[in-house]
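As structure tokens, the structure follows; a few thoughts come after it.
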Amino acid sequence: PNPRTIYSNHWAVRVSGGPEVAAELAGKYGYLNLGQIGNLENYYHFHHSKTIKRSTRSSRGIHNFLIMDPKVEWMQQQEVKKRVKR
Amino acid sequence: HVRTDPSLMHFNDPIWSNMWYLHCADKSSRCRTEMNVMAAWQRGYTGKNVVISILDDGVEKSHPDLIQNYDQLASYDVNGDDYDPTPRYDVSNENKHGTRCAGEVAASANNSYCIVGIAYNARIGGIRMLDGDVTDVVEAKSLGIRPDYIDIYSASWGPDDDGKTVDGPGPLTRKAFEDGIKKGRKGLGSIFVWASGNGGREGDYCSCDGYTNSIYTISISSATENGYKPWYLEECPSTLATTYSSGAFYERKIVTTDIRQRCTDDHTGTSVSAPMVAGIIALALEANQQLNWRDVQHLLVKTSRSVHLRAPDWRTNGAGRKVSHLYGFGLVDAEAMVVEAKKWKTVPVQHTCVGASDKRPRFIRANQLIRTSSHTKACADNNGQYVAYLEHVVVRVTISHPRRGDLQIFLISPSGTKSQLLGRRTFDYLNEGFKNWEFMTVHCWGEKAEGEWVLEIQDMPSQLRNPEIQGKLKEWTLILYGTAEHPYNPVSVQHSRSRMLDISATDLEPSKAALFQSHLEFIDEEEEYSGLCHPECGDRGCDGPGPEHCLKCVHYSLGNEKIGRKCVTTCPSGFMSDAATRRCRHCYRGCDTCFGRGHNQCSACKKGFYLQLDTSTCTLICPAGYYADEHQKRCIKCHQNCKKCIGFPDKCVLCRDGFSLLGSLCVPECEQATFYNTALMRCEKCHATCHSCTGPGKEQCTQCAKDFHLHEWRCVPACSQGFYSEDVPGLPHKVCRRCEENCLSCEATGKNCVRCKDGYSLLSGSCVTNNTCNNADEVFCNMVKSSKLCERKLFIQFCCRTCLLAG
């Protein structure tokens, strides 16, 4: 069988307008904003503690509302990737 | 010309002597110093003011060999979201990888501990990101930690190397790479070094790893001490260069730092090679801090050499550079890197020319080759995109296919350089094909881009497939990267390697020149030698005192022009004396002595190999029907009845068909109810009670005859008291089983007892003790009754008799 995708309870969200807008959005929909993703401007790391940590199904519900928010330009639920040391 | 003299540099680090890939202290063993690291050190470059970070499972910052060069600002714990990259310790030392890689790069020198790092004065940090769920966010964060501060990111991990995975960076990680090369190092571009992959044994191909296959990463592969492909190495055309690494057990390994403040001599895999190159790049950056990310790739292409690395596919590309799918442009050369870096002029700006996508669908039929071509002017009509001289070439393809691993893809450049973009992968049974997958090759580096590019796709089924389901090439696009002008100063292009290594005191910064002038030995090529020659030269002259300086040899010449020759009295182990040419010729791999160079001309084998006399070959594993004799180092034939034996010809563990194992002997299989009598060498009848046996006695039955019962390992006509008879599927006879405890005789099924031992009474088919419970009052008995405990065998001893007697 093909390896199945495993979804985590972390999201990457692209929001313009700075960290305040990102923080406001995270709070509005019940996410914890873990800050900007590395050096990538306008990309933020959101965490949702009430979503199952690892699942073979992508999450819906509240997350659908976030993506529909006009301030959110792009959003992606994070998939757990298999990475091996060489 | 600078001569490296190891005696001029000595370190007190205890494992320095084991660092065979850096120096050659022991003249009697092979020298593998072609990476020329010491020569770069002797020029004064040790990685000072260069910052490297290891993206891995953490770095033990308190390790005595790392603490001096450890840099807090080059470190972060992405898994724990703090600034401490210390690995998580567990009993299996799972998280040792990052610390091992870090030591290779920047272990301190002369601190009496472990080893010497290649850039032993560089700053080293660790980004702990592999000890948790790895996501696109985690990777993107890790690659973007302090890009203006960290010069080199070294990563020795990637998608599974299982030979069936096709995976690469997600959108955020791709963006992190792009941002890194555009903005990192204050606009010069971050340098990402990557291990090419360990899936050699699984037949993996590193083009299926989107990290090593990226134009932004410097993909590094490995060669064994003897210049062979290590068992773990993956091939692909995006590999840029190679370092020595580990190989077979009889070849030397790499030493480095280990967690728990230890040292190790057991670090293997391509993760050995990526940090080595990170260290060498650090030396080049010290020589020239203004190198951008593409300058570094150009330097590697220009200075890496094939030396004695053995690959079947070394070829010279249209720009005159030797390249292979195993080793890229070859073994890195630290000295050449620093020398070139010092005088390097930044290459012209990178142009990208994206060709038109060819969306004409083409079926890929099994066992056939499809060929499609694209003529390109390399965007000559667009100043900002024109690519005259190539760097990376990318082919983006979308293919559907019922079994992806059966596909092979090739790209042929206008100059005729053929890159294998994809090799067959036996384990890749997936039907996912490739969706906009970008295959990358560096094999056309330096060639002219304009002209006809040919894409070839071949489908070679590895097993029976439904002929009605065919693969289909849906779309492909050629993407050319390079420059509009020639990347190098035309004058320097003509420099030979010896010219390239020219050095004068003015090339060095004043402080370094003063420090290292005494270490440099300048040789005047015109000066004639007039001293005594080595005895092995005889009277035939020499240009120096050593056996390597002879003009001709009295006895035998050992070595070659590339690695150097010397005269010897007798040829060493692994060589044969060719009296006709007076040369020591290499025996075949594994041969210690030989009478010819062929694989079947060995007369004794090296350690770990066994001689097979009838074929005169040396093998690691003796074939079926032979055993490996450790004393004689030979494959000895087993007894003719043995299929497999251990230690002695007649100590069989597996027999040929028609024979069966009796102890350690293979004896002929006898008919039913007979056994093989080893004294009389014939089959004889078993006892009448046996179905099969090992001897004539009735105690030697292995199975009982029909109508007999196996009872206490004997065959008896009926079971004795306290036992019942039971059929066992697959056996010709019945078996006597014991009735349940305290039962004298039971029903044929064995479930219900019919007679109990003294002191026990029959209750519901079980024997319960005659003793009474002293705590069985009315309430208790009601509970026992209501729970129906006495109907269950497990609880039948549970005061049931007492409660029943009490009514």
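From first to last, the protein sequence lines stand for chains B and Y. Heads up: the first sequence runs through residues 153 to 238, numbered per this note's numbering. Heads up: the second sequence runs through residues 19 to 825, numbered per this note's numbering. For every residue, glycine included, the Cβ atom is placed at its ideal position computed from N, Cα and C. Bear in mind that the values here come from a model prediction, so they are computed numbers and not experimental data.
{"Item": "Y/Glu-543, buried or exposed, once every other Cβ within 10 Å from all chains shown has been counted against 16", "Value": "Note that Y/Glu-543 scores a pLDDT of 34, beneath 50, so its modelled location is shaky and nothing firm can be said."}
{"Item": "DSSP state of Y/Lys-811 mapped onto helix, strand, coil", "Value": "helix"}
{"Item": "Opposing strand residues paired with Y/Arg-773 [DSSP bridges]", "Value": "Y/Ser-763"}
{"Item": "Burial state of Y/Ile-272, where buried means 16 or more other Cβ atoms lie within 10 Å", "Value": "buried"}
{"Item": "Cutoff 9 Å: Y/Thr-153 Cβ touching any chain B Cβ", "Value": "yes"}
{"Item": "Beta strand (DSSP E) runs contained entirely in the segment 381-457 of chain Y, provided each spans 3 or more residues", "Value": "387-394, 407-418, 425-430, 436-440"}
{"Item": "Spatial neighbours of Y/Ala-58 in its chain, beta-carbon cut-off 6 Å, leaving aside the 5 residues before and after", "Value": "Leu-301, Ala-352, Glu-353, Val-356"}
{"Item": "Residues from the segment 192-205 of chain B in contact with chain Y, defined by Cβ distance under 9 Å", "Value": "Leu-192, Glu-193, Tyr-195, His-197, Lys-205"}
{"Item": "Interface residues of the segment 161-175 of chain B facing chain Y [CB-CB below 9 Å]", "Value": "His-162, Trp-163, Ala-164"}
{"Item": "Stretch pair the segment 249-263 of chain Y + the segment 302-311 of chain Y: three plus CB contacts closer than 8 Å", "Value": "no"}
{"Item": "Closest Cα partner of Y/Tyr-694 within the set Y/Ala-706, Y/Gly-681, Y/Gly-713, Y/Ser-682", "Value": "Y/Gly-713"}
{"Item": "Assigned secondary structure, Y/Asp-154 (DSSP; H/G/I helix, E/B strand, else coil)", "Value": "helix"}
{"Item": "Buried versus exposed call for Y/Arg-61 [16 or more other C-beta atoms within 10 Å across all chains shown]", "Value": "buried"}
{"Item": "Through-space distance from B/Leu-192 to B/Glu-225, alpha-carbon basis", "Value": "14 Å"}
{"Item": "Identified DSSP bridge partners for Y/Trp-494", "Value": "Y/Asp-376, Y/Val-415"}
{"Item": "Closest residue to Y/Leu-780 among Y/Gln-368, Y/Cys-764, Y/Lys-114, Y/Cys-701 (Cα-Cα distance)", "Value": "Y/Cys-764"}
{"Item": "Residue range of the unbroken alpha helix (DSSP H) whose run includes Y/Trp-311", "Value": "311-321"}
{"Item": "Strand pairing of Y/Leu-73, partner residues [DSSP]", "Value": "Y/Ile-145, Y/Ala-173"}
{"Item": "Neighbour flag for B/Lys-234 against chain Y, beta carbons, 9 Å", "Value": "yes"}
{"Item": "Y/Lys-159: contacting residues in chain B (beta-carbon distance under 7 Å)", "Value": "Ile-189, Gly-190"}
{"Item": "Y/Gly-116 and Y/Ala-125 closer than 9 Å at C-beta", "Value": "no"}
{"Item": "is_contact[B/Lys-237, chain Y] using C-beta, thresh 9 Å", "Value": "yes"}
{"Item": "Residue nearest to B/Tyr-196 in terms of C-alpha spacing, selected from B/Ala-178, B/Arg-238, B/Arg-212, B/Asp-221", "Value": "B/Ala-178"}
{"Item": "Element boundaries [beta strand (DSSP E), containing B/Asn-185]", "Value": "184-188"}
{"Item": "Distance between Y/Ala-92 and Y/Leu-408 (C-alpha atoms, nearest Å)", "Value": "34 Å"}
{"Item": "Cβ neighbours of Y/Asp-89 in the same chain (closer than 7 Å, five flanking residues each side left out)", "Value": "Val-69, Arg-141, Ile-142, Gly-143"}
{"Item": "Rounded C-alpha distance that separates B/Asn-156 from Y/Asp-178", "Value": "One point to set straight first is that residue 156 of chain B is Arg, not Asn, in the sequence displayed. Cα to Cα, the separation comes out at about 14 Å."}
{"Item": "Own chain residues within Cβ distance below 7 Å of Y/Arg-601, not counting five before or after", "Value": "Tyr-574, Ser-575"}
{"Item": "Proximity to B/Val-236 [Cα-Cα], best of Y/Gly-65, Y/Val-472, Y/Leu-73, Y/Ser-784", "Value": "Y/Leu-73"}
{"Item": "Any 3 or more C-beta pairs closer than 8 Å across the segment 327-335 of chain Y and the segment 276-283 of chain Y", "Value": "no"}
{"Item": "For Y/Thr-14, the three-state DSSP class (helix, strand or coil)", "Value": "Within the shown structure, residues of chain Y are numbered from 19 to 825, placing residue 14 of chain Y beyond reach of any answer."}
{"Item": "Beta carbon proximity, Y/Ser-536 to chain B, threshold 9 Å", "Value": "Low local confidence applies: a pLDDT of 31 at Y/Ser-536 is under 50, so the model's placement there is unreliable, and no value is given."}
{"Item": "Anticipated Cβ contact below 8 Å, Y/Thr-910 with Y/Ser-240, distance rounded", "Value": "This structure leaves residue 910 of chain Y out entirely; chain Y is present only between 19 and 825."}
{"Item": "Bridge partners - Y/Ala-622, DSSP secondary structure assignment", "Value": "Y/Thr-611"}
{"Item": "Proximity winner among Y/Leu-822, Y/Ser-214, Y/Asp-284, relative to Y/Thr-257 (alpha-carbon distances)", "Value": "Y/Ser-214"}
{"Item": "Own chain, CB closer than 7 Å to Y/Lys-320, minus 5 neighbours either side, in chain order", "Value": "Glu-358"}
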